[in-house]
Structures are given as structure tokens and as C-alpha cells.
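Working notes, beginning with the structure itself.
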Amino acid sequence: MTIRNPAEWGAAHFKSWSHGLAEAGHAIAPPAQERAALEPTVRRIRSDDLRDALRKGLHDFMACRTDVLFIALIYPLVGLLLAEVVFGENALHLLFPLASGFVLIGPFAAVGLYEMSRRRERGDRVSWADAFAVARSPAFGAILAMGAILTAVFLLWLVAAQLIYMATLAPLAPEGWSAFAHALFTTRAGWAMIVLGISVGFLFAVLALAISVVSFPLLMDRRVGVATAIRTSVRATLKNPEPMALWGLIVAGGLLLGSLPAFVGLVIVMPVLGHATWHLYRRLIPD
Numbered sequence: 018m019t020i021r022n023p024a025e026w027g028a029a030h031f032k033s034w035s036h037g038l039a040e041a042g043h044a045i046a047p048p049a050q051e052r053a054a055l056e057p058t059v060r061r062i063r064s065d066d067l068r069d070a071l072r073k074g075l076h077d078f079m080a081c082r083t084d085v086l087f088i089a090l091i092y093p094l095v096g097l098l099l100a101e102v103v104f105g106e107n108a109l110h111l112l113f114p115l116a117s118g119f120v121l122i123g124p125f126a127a128v129g130l131y132e133m134s135r136r137r138e139r140g141d142r143v144s145w146a147d148a149f150a151v152a153r154s155p156a157f158g159a160i161l162a163m164g165a166i167l168t169a170v171f172l173l174w175l176v177a178a179q180l181i182y183m184a185t186l187a188p189l190a191p192e193g194w195s196a197f198a199h200a201l202f203t204t205r206a207g208w209a210m211i212v213l214g215i216s217v218g219f220l221f222a223v224l225a226l227a228i229s230v231v232s233f234p235l236l237m238d239r240r241v242g243v244a245t246a247i248r249t250s251v252r253a254t255l256k257n258p259e260p261m262a263l264w265g266l267i268v269a270g271g272l273l274l275g276s277l278p279a280f281v282g283l284v285i286v287m288p289v290l291g292h293a294t295w296h297l298y299r300r301l302i303p304d
């Protein structure tokens, strides 16, 4: 083994990085002549397929428990941090929108779990480090772009939640947890905020589910672009409206239960749902 001079070392790494950027660009927007050939087939599924995906997700979680818990601890800590910010800034009305944001950005946060399930599916040995192997994927640029889209949806949801608060409960100016809870549940403005918040939040959740339920696993599994991944995800949702609606309820219910108490349950809920999403993708998109 010889030691290369700095120029040789820099040239070699520049070539590697350039290739990586080119692959990322291709993943974000593949050439026009390839797009038609890249459109994946979408299957019809049933509720039994959801149960099978959850069962396999639980098996993945149990098989990689120590590794997955190490990663999943990030989410409860982030949740607690968000709650502390809300209480500290007297912005209690944003606690629910922030907590429910896990539904919107969860598919992006779980890409490492998809990678672990993918490797385990192939029969490879899996460790926590494999969750970060996504960063070396040719599709990493597309994955980041898709994550940016979900983040934008999440930020728009926060803006909508703030506008709903300003139009309903803000004129009452409740300060502190007790006053806020009393105004929220005992006044017309409070109930208007609840109904509007749930209704608008539901629309954001449907949008996030439709564009992301298949997108991230597909980007990791095949050489497609973001637009193709989103189209395929929407097609899968429209082709399976009832199973996808049930899946959305499972995800929302699981994350709600996992958020109590103090987001600790997300240590289990997040990885199980993340692994299950990979297996749901396998059900929806044939090899």
C-alpha cells in the first residue's frame, strides 16, 4: 500500500463525488426516454395484506430490536424537545400540530428502517450502521428532495394551524395550560378550533399519505425519479382506497398511542410502522 499525494487523493475523491452527484441528479429527474419504462405496476391489495405487512414489520423490529431502538430514540427526544419549546414559548395551540407532524414527515424519518428491512429481506446481517447506508445510495438526492417536499407540507400545516388559532381561540387570549384547556373545551371558539384543526389536518394527512406511502421505498429499490415515485404512490392510493384509508388510520392511531405518555411509545411504534411500510410497498409494487 502506498500513500498518495494530496493531488491524487483529491482527484480520486472528486471523481467519486461527481459520479455520486450525477447519479443523484438522474434519480431526481431521469432522462425523458427512460420515464415510460420506469413506471412500475401497482397491485390491488386487501386488509389481509396490511396485517401481513404489520406482522413482518414486528418481526423485523424484534430481530433488530437493539439497533432499531437506538435509532428510534431520536424521535421521542425530538418530541419532548418540541413539547418543551411549545410550553416555554406559550404556544400551546401548536402542541397538537407539532405532534401530529410525525404523520406527515414520518415516511422520511423512517428511510433508515426501510433500508434495514430491505437488507434483512435479502438475508443480509443487519446492524444499526445499515440504517445510514441510505446516504451512500445513488438515490440519496431524490430521497432528500422527497423529504423536502414532505417538510414543506409539514410547514404549511403549521401555518394553517396558526391561522385557525388566530381565527378562533386567539381573541380569548388564554395563557397557561389550565386557561387554554378551559377555553378549548368549554367555548364555541375552542370547539371551532378543534373541528377546523382536525378537518384541515386530515386533508394534510391524506396528501402526505398519498404522495409518500410508496415513494421512499420505491426510490431506494429502483432507479426512478421523484416525479415517478410520487405518481406511483398516488396511483397505489387511488387503486386501493379502502386499504390505504385503513392504513392511514393504523398509522395515525399508532402514532397517537405512541405519543402517550410523553412520546415514549414512539420508541416501539415508529420502528414497527417503518418496517411495515417497506413490506406494504412489497405488496403494492410487484418485483
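If you read the sequence shown in my numbering, its first letter stands for residue 18, the second for the next number, and so on. All C-beta atoms, glycine included, are put in the ideal place defined by N, C-alpha and C.
Whole-angstrom distance between Gln179 and Met237, CA atom to CA atom
35 angstroms
Rounded to a whole number of angstroms, what is the C-alpha to C-alpha distance between Ala108 and Gly123?
23 angstroms
Closest by C-alpha distance to Ile267, when choosing among Ala293, Ser144 and Trp145
Ala293
So what does DSSP say about Glu132, is it helix, strand or coil?
helix
From Gly118, Arg300, Leu272 and Ala80, pick the residue whose C-alpha is nearest to that of Leu172; which is it?
Gly118
Do Ser276 and Ser250 come within 9 angstroms of each other at the CB atom, strictly closer than that value?
no
Please determine, among Met163, Ala116, Cys81 and Ala156, the residue with the shortest C-alpha to C-alpha distance to Leu130.
Cys81
Should Pro288 go down as buried or exposed, given a rule of 16 or more other Cβ atoms within 10 Å for buried?
buried
How would you call Thr203, buried or exposed, if buried means at least 16 neighbouring beta carbons within 10 angstroms?
exposed
Hey, Leu121 and Val170 are a contact pair by Cβ (cut 8 angstroms); roughly how many whole angstroms apart?
6 angstroms
Using C-beta distances below 6 angstroms, list every residue in its chain close to Trp295, excluding the 5 sequence neighbours before and after it, in chain order.
Tyr131, Ser134 and Pro234
For His76, report the span of its alpha helix (DSSP H) as first-last.
Ser64 to Ala80
Taking Arg299 as the reference, give the member of Ala253, Ala262, Leu213 and Ile285 with the closest Cα.
Ala253
Rounded to the nearest angstrom, what separates Trp264 and Arg137 at their Cα positions?
23 angstroms
By the three-class DSSP mapping on this structure, what secondary structure does Arg147 have?
Residue 147 is actually Asp in this sequence, not Arg. Three-state result, Asp147: helix.
Tell me the residue span of the alpha helix (DSSP H) that contains Ala246.
Val243 to Lys256
Based on Cα-Cα distance, which residue from Ile228, Lys256 and Arg239 lies nearest to Ile247?
Ile228
Can you list the beta strand (DSSP E) stretches of 3 or more residues lying completely in the stretch 140-228, in chain order?
none
Leaving out five residues on either side along the sequence, give the residues of the same chain with a beta carbon under 6 angstroms from the beta carbon of Leu71.
Ala293
What residue range does the alpha helix (DSSP H) around Pro288 cover?
Leu283 to Leu301
Among Leu273, Leu301, Leu224 and Asp304, nearest to Leu112 - alpha-carbon criterion:
Leu273
Would you call the stretch 205-220 and the stretch 180-190 in contact, with 3 or more CB pairs under 8 angstroms?
yes
Can you tell me whether Trp174 is buried or exposed, with buried defined as 16 or more other CB within 10 angstroms of its CB?
buried
Name the residue from Val243, Ala196, Val223 and Val286 whose alpha carbon lies nearest to the alpha carbon of Met261.
Val223
Quick one, which of Gly193, Arg63, Asp77 and Leu167 has its alpha-carbon nearest Asp141's?
Asp77
Give the single residue among Gly271, Val281 and Leu189 whose Cα lies nearest to the Cα of Gly291.
Gly271
Are the CB atoms of Ile160 and Phe197 nearer to each other than 9 angstroms?
no
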